[in-house]
Amino acid sequence: MRKLLRTSLRIAPVMLLLLFGGAMTCRAQSGKLQLDQLDVLTNRASNTVDVKLDEHLLLTTWKLFKDPDEVEIRDLLKNLKGIYVKSFSFEKENEYSPAEIDSVMVQLRGGGWSKIVGITSKKQSENVEVYLMMIADQISGLAVVCLNPKDVTVINIVGPINLEKLSQLEGSFGIPDLDLAKPKTKKDNDN
Amino acid sequence: MKSKLTLIGLLLALACGLPFSARANRDGFNDVVKTIEQFYHVKHKSIPFLARTGMKAMRTAAKIKGGEWKRLAEAGSVRIVFFEDQSFDSRGQIASFKSSVQKTLGAEWSTLVQTLSPKDEQQTHIFIREAGPKFHVLVIEIDRRDATVVQATLKPEVLAELLKDPGEMGKSITDEATTVDP
Numbered sequence: 715m716r717k718l719l720r721t722s723l724r725i726a727p728v729m730l731l732l733l734f735g736g737a738m739t740c741r742a743q744s745g746k747l748q749l750d751q752l753d754v755l756t757n758r759a760s761n762t763v764d765v766k767l768d769e770h771l772l773l774t775t776w777k778l779f780k781d782p783d784e785v786e787i788r789d790l791l792k793n794l795k796g797i798y799v800k801s802f803s804f805e806k807e808n809e810y811s812p813a814e815i816d817s818v819m820v821q822l823r824g825g826g827w828s829k830i831v832g833i834t835s836k837k838q839s840e841n842v843e844v845y846l847m848m849i850a851d852q853i854s855g856l857a858v859v860c861l862n863p864k865d866v867t868v869i870n871i872v873g874p875i876n877l878e879k880l881s882q883l884e885g886s887f888g889i890p891d892l893d894l895a896k897p898k899t900k901k902d903n904d905n
Numbered sequence: 292m293k294s295k296l297t298l299i300g301l302l303l304a305l306a307c308g309l310p311f312s313a314r315a316n317r318d319g320f321n322d323v324v325k326t327i328e329q330f331y332h333v334k335h336k337s338i339p340f341l342a343r344t345g346m347k348a349m350r351t352a353a354k355i356k357g358g359e360w361k362r363l364a365e366a367g368s369v370r371i372v373f374f375e376d377q378s379f380d381s382r383g384q385i386a387s388f389k390s391s392v393q394k395t396l397g398a399e400w401s402t403l404v405q406t407l408s409p410k411d412e413q414q415t416h417i418f419i420r421e422a423g424p425k426f427h428v429l430v431i432e433i434d435r436r437d438a439t440v441v442q443a444t445l446k447p448e449v450l451a452e453l454l455k456d457p458g459e460m461g462k463s464i465t466d467e468a469t470t471v472d473p
């Protein structure tokens, strides 16, 4: 019994490390961004919107879109694993610092995300960056970061989605109208 | 050694079992009301008032989305609590209230949407949980002087319709649940 206990204690840290490491790898490769650190902006922002449609909710509700004009949305939602939107508006310009967005940008600069170049916003002074995560030639996530001096918006859609499909979701499910100019197809892998 | 192991086992079982039993007894609606009372030092309205408005809420909840969505109140389970003419001042800590509510509801409820306007002390929080084939939707609406907590049981198709515009969902549910029938 004592031997069993000793052996268990000896392998416990290794098992924990494996479990923890496995979980982190899964998250890094799932197309889901960790956005909670952006909450530091909440108290300063004049408006905050935080939308979460997780996999469970999407799995339960996609089949309920039965109208003929909802077929495309239904097919799209069917394969998605999450829609997450965080948006902060500020009264004055530059009330947030780029460093406060770093928690998200660091994830996008590594971990399998590729920036799509050539996408701009039709809105004045808005800087838009769109990122895709590819796993084995399949899109597993999309992220849109919209920054202007008074607004920060981060959209993260987990699952197979592209810009064309994203436009179908704009204005619904908490996704704002992005008003993106047509993208070029070239990818920027070196950011 | 054996008794030590038994003791460790017992403690582990207790440690694992307690949170589950505590969770089993938790009711998100009442817990959220308590969280609001503790955070803002306010009190919700008394039972006689609730009984009256509750009856109105039952009738008016059926009007949510109108027409075909009248099935909404079929289950007749709209719960509502009002806080009227009291001060909801988060003292710059609105984010802390947001996380308190999330913590209170735990993993059983999924956060759908939270909108906050600290300057006006306006907030809307919407949470969802499965209730058999239906869904419970918990809506917390707070502004500078008033607050409302509504829990409605929705059929999945009603939820799907409301999901298209999560931002408006809270307003629809709260407005309709608190509108007095003519």
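Protein sequences, first through last, are from chains A and B. Under this note's numbering, read the first sequence as residues 715 to 905, first letter to last. Under this note's numbering, read the second sequence as residues 292 to 473, first letter to last. Here a beta-carbon is modelled for each residue, glycine too, at the ideal position from N, C-alpha and C. In this text the structure is predicted, and so the values were computed from the model without any measurement.
_Within 8 angstroms of any Cβ in chain A, is that where the Cβ of Thr-282 (chain B) sits?_
Given that chain B is displayed from residue 292 to residue 473, the structure contains no residue 282 (chain B) and the question cannot be resolved.
_Using beta carbons (cut-off 8 angstroms, strictly below), is Val-404 (chain B) in contact with chain A?_
yes
_From A:Pro-874, A:Val-872, A:Asp-891, A:Leu-877, residue whose alpha carbon lies closest to that of Asp-456 (chain B)_ = A:Asp-891
_Once DSSP output is grouped into helix, strand and coil, what is the label at Tyr-845 (chain A)?_
strand
*Return the first residue and the last residue of the alpha helix (DSSP H) that Gly-873 (chain A) is part of.*
Careful: Gly-873 (chain A) lies outside any alpha helix (DSSP H) and carries neither H nor E.
*Val-831 (chain A) versus chain B: which residues are under 9 angstroms apart at the beta carbon?*
Result: empty, since nearest Cβ-Cβ is about 31 angstroms, beyond 9 angstroms.
*Taking the continuous alpha helix (DSSP H) assigned at Val-324 (chain B), which residues delimit it?*
319 to 331
*Could you list the residues in the region 779 to 802 of chain A with a C-beta less than 7 angstroms from some C-beta on chain E, going in chain order?*
Judged by its chain identifiers, the structure shown contains no chain E, and its protein chains are A and B.
_Among B:Phe-320, B:Val-323, B:Ile-385, nearest to Asp-411 (chain B) - alpha-carbon criterion_ = B:Ile-385
*asked:* Just to confirm my understanding: we take Lys-425 (chain B), look at its own chain, exclude 5 residues before and 5 after, and list those with CB closer than 8 angstroms. What are they?
replied: Ala-366, Thr-444, Leu-445, Lys-446, Pro-447
*List the residues of chain B whose Cβ lies closer than 8 angstroms to the Cβ of Asn-761 (chain A), in chain order.*
Thr-406, Leu-407, Ser-408
_Using a Cβ-Cβ distance cut-off of 8 angstroms, determine whether Pro-424 (chain B) contacts chain A._
no
*How many Å lie between Gln-393 (chain B) and His-770 (chain A) at the Cα?*
18 angstroms
*Locate the alpha helix (DSSP H) running through Asp-393 (chain B), then write down its first and last residues.*
Strictly speaking, residue 393 (chain B) in this sequence is Gln, with Asp absent from that position. It spans 385 to 396 - the alpha helix (DSSP H) in which Gln-393 (chain B) sits, taken as one unbroken run.
*When the distance is taken between beta carbons, is Pro-874 (chain A) closer than 8 angstroms to Asn-808 (chain A)?*
no
*Please go through the same chain and pick out, in chain order, the residues whose beta-carbon is closer than 8 angstroms to the beta-carbon of Ser-886 (chain A), but skip the five residues on each side of it.*
Ile-787
*Report yes if the CB atom of Thr-406 (chain B) is closer than 8 angstroms to the CB atom of Thr-439 (chain B), and no otherwise.*
no
*Using a Cβ-Cβ cut-off of 8 angstroms, state whether Val-756 (chain A) counts as contacting chain B.*
Note on residue identity: the sequence assigns Thr, not Val, to residue 756 (chain A). Taking Cβ atoms only, chain B reaches closer than 8 angstroms to Thr-756 (chain A), which makes this a yes.
*What residue range is occupied by the uninterrupted beta strand (DSSP E) comprising Asp-768 (chain A)?*
761 to 768
*Pick from A:Ala-850, A:Val-858, A:Arg-823, A:Phe-804 that is closest to Val-842 (chain A), judged by C-alpha positions*: A:Val-858
*Kindly indicate if chain A contains any beta-carbon less than 8 angstroms away from that of Gly-367 (chain B).*
Confidence in Gly-367 (chain B) is poor, its pLDDT being 48 and thus under 50, which makes the residue's placement too unreliable to answer from.
*Around the C-beta of His-332 (chain B), are 16 or more other C-beta atoms found within 10 angstroms, so that it is buried, or is it exposed?*
exposed
*Grab me the residues of Val-324 (chain B)'s own chain with a C-beta within less than 7 angstroms of its C-beta, minus the 5 sequence neighbours each way, in chain order.*
His-335, Val-372, Val-440
*asked:* Check whether chain B comes within 8 angstroms of Thr-774 (chain A), counting only Cβ atoms and requiring the distance to be less than that.
replied: yes
_Supposed close pair Trp-827 (chain A), Tyr-845 (chain A) - CB separation, criterion 8 angstroms_ = 4 angstroms
*Cα separation between Gly-461 (chain B) and Ser-408 (chain B)?*
15 angstroms
*Would you please verify whether the beta carbon of Lys-879 (chain A) is less than 8 angstroms from any beta carbon of chain B?*
no
*Which value, in whole angstroms, describes the spacing of the CA atoms of Arg-436 (chain B) and Asp-380 (chain B)?*
9 angstroms
*Output the boundary residues of the beta strand (DSSP E) element that contains Asn-862 (chain A).*
852 to 862
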